[in-house]
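For the sequence shown, position 34 matches number 44 in my numbering, and the numbering has no gaps at all.
For each residue, glycine too, the CB sits at the ideal point set by N, CA and C.
Below: one structure, written as structure tokens.
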Amino acid sequence: MRTIDNQSQDIFLNGLSLLLGIGLIAAPWYFGFASETAAAWNAWIFGTTVAILAVLALMQTYDWEVYAIAAAGLWVCLAPWALGFQEATVATWAHVSFGIALVISASSEVWRLRESPSAYEV
Numbered sequence: 011m012r013t014i015d016n017q018s019q020d021i022f023l024n025g026l027s028l029l030l031g032i033g034l035i036a037a038p039w040y041f042g043f044a045s046e047t048a049a050a051w052n053a054w055i056f057g058t059t060v061a062i063l064a065v066l067a068l069m070q071t072y073d074w075e076v077y078a079i080a081a082a083g084l085w086v087c088l089a090p091w092a093l094g095f096q097e098a099t100v101a102t103w104a105h106v107s108f109g110i111a112l113v114i115s116a117s118s119e120v121w122r123l124r125e126s127p128s129a130y131e132v
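Structure below.
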């Protein structure tokens, strides 16, 4: 398991993941798909999951946290088709947009965990 002594870049990336998680929680109300049950519950559950993981990563970043955020982002991207709400255009675009942003943010942090001289094995 790899970890990194958090620096400003890590705090920024984990803070971005936290904001994306909070945004995903708020998305059903903000974009008006709270009545779309599967889409709303998926956003609330995975938004909360990402927010909790990001808070943990803000304290000390471990590779498992970042991989879990990336997996959550991938699921959020695929959820409209897996859960059958792809016809709800706004919900689909919100999920795909947040999911892509989460995957990019987590991928950047994975790269830092692999390449940074301040990263080490625990």
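Would you tell me roughly how many angstroms separate the C-alpha atoms of Ala78 and Leu63, rounded to the nearest one? Along the sequence shown, read from residue 1 onward, the residue named residue 78 stands at position 68. Along the sequence shown, read from residue 1 onward, the residue named residue 63 stands at position 53. Rounded to whole angstroms, Ala78 and Leu63 show a C-alpha spacing of 8 angstroms.
Beta strand (DSSP E) segments (min. 3 residues) lying fully within the segment 17–98: none
With a threshold of 16 other CB atoms inside 10 Å of the CB of Asp15, please say whether the residue is buried or exposed. The residue labelled residue 15 in the question sits at position 5 within the sequence shown. It counts as exposed.
Whose C-beta lies closer than 6 angstroms to the C-beta of Leu34 among residues of the same chain, with five residues either side of it excluded? The residue you call residue 34 lines up with position 24 of the sequence shown. Same-chain partners within the cutoff: Ala53, Gly57 and Phe108.
Closest residue to Ala135 among Arg124, Leu112 and His105 (Cα-Cα distance): Outside the modelled stretch of the chain, which goes from 11 to 132, sits residue 135, for which no answer is possible.
Thr13 bridges to which residues according to DSSP? Numbered from 1 along the sequence shown, position 3 holds the residue referred to as residue 13. Thr13 pairs with Tyr72 and Tyr130.
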